[in-house]
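Chemist:
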Amino acid sequence: MVEGFTPFPSNIQWPHHKAKWPSPAKADDIRRIGVQKVAKKNFDWMVSFVKAEKKLIENIDSDGGCRKKSHRIMKKLNEDVWCDTTSRVITSYCLKNILFWECEDSPSSEDWSVDKLSIRVTSMIERVKKAAQARRLTMYFNPAVNLLQDKDCRELDIAVKKISDFMLRPQSFFEKL
Numbered sequence: 081m082v083e084g085f086t087p088f089p090s091n092i093q094w095p096h097h098k099a100k101w102p103s104p105a106k107a108d109d110i111r112r113i114g115v116q117k118v119a120k121k122n123f124d125w126m127v128s129f130v131k132a133e134k135k136l137i138e139n140i141d142s143d144g145g146c147r148k149k150s151h152r153i154m155k156k157l158n159e160d161v162w163c164d165t166t167s168r169v170i171t172s173y174c175l176k177n178i179l180f181w182e183c184e185d186s187p188s189s190e191d192w193s194v195d196k197l198s199i200r201v202t203s204m205i206e207r208v209k210k211a212a213q214a215r216r217l218t219m220y221f222n223p224a225v226n227l228l229q230d231k232d233c234r235e236l237d238i239a240v241k242k243i244s245d246f247m248l249r250p251q252s253f254f255e256k257l
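Structural data, given as structure tokens:
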């Protein structure tokens, strides 16, 4: 794999218009980091935001919030409830983007206090369900990219059904832990 760093693409509007998360200082740091261009098959290049994502997650809970814990819960639900082990139609990367969108829409430290954990997780679950139903989950750093574009529609429908069933009786999952 060949990779190189380039400036943050000027055609991508990030941070998003009127966004209150991340902070302007963090957004400036991320834009300065730039992006990676990663060589794929047939000499195609893909823009990777991995460094930007790592910077965004760095110190994400410095205010004592529950963002990382929410993300871990989502990953556990995805592994154990929504997607079987042979097919991860909802990937960990999808869930990371769900977290980023949730942070942008709920930017206040108060929104992420530990006593709001169930509210945040429920909201993130609803985001996953809506995205799977719509067959559209936009990448946080590049909303032109649909992370569900090449996913099997039948598998997305199965995930939606499992999420819906889970939402009717979430306690059954937690009883198994």
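Each residue of the sequence shown is one higher than the one before, counting from 81 in this note's numbering.
Think of the CB as a built atom: it goes at the ideal place given N, C-alpha and C, for glycine as much as any other residue.
1) How many Å lie between M126 and L236 at the Cα?
2) Excluding the five sequence neighbours on either side, which residues of its own chain have a C-beta within less than 6 Å of the C-beta of I92, listed in chain order?
3) Enumerate in chain order the residues of its own chain whose CB-to-CB distance from D232 is below 8 Å, with the five nearest sequence positions on each side excluded.
4) In this structure, does DSSP put N139 in helix, strand or coil?
5) Are the beta-carbon atoms of L136 and F180 separated by less than 9 Å?
6) Who are N122's beta bridge partners in DSSP?
7) Taking the alpha helix (DSSP H) that E206 belongs to, which residues open and close that run?
8) Check the DSSP bridge columns for T218 and list the partner residues they point to.
9) Using beta-carbon positions only, say whether V115 and S103 come within less than 9 Å of one another.
10) Terminal residues of the continuous alpha helix (DSSP H) containing D237?
11) Given a threshold of 16 other Cβ atoms within 10 Å of its Cβ, counted over all protein chains shown, does N177 qualify as buried or as exposed?
Modeler: Taking the coordinates as given:
1) 25 Å
2) N222
3) S167, V169
4) coil
5) yes
6) None, per the DSSP bridge assignment.
7) 197-214
8) N226
9) no
10) 233-248
11) buried
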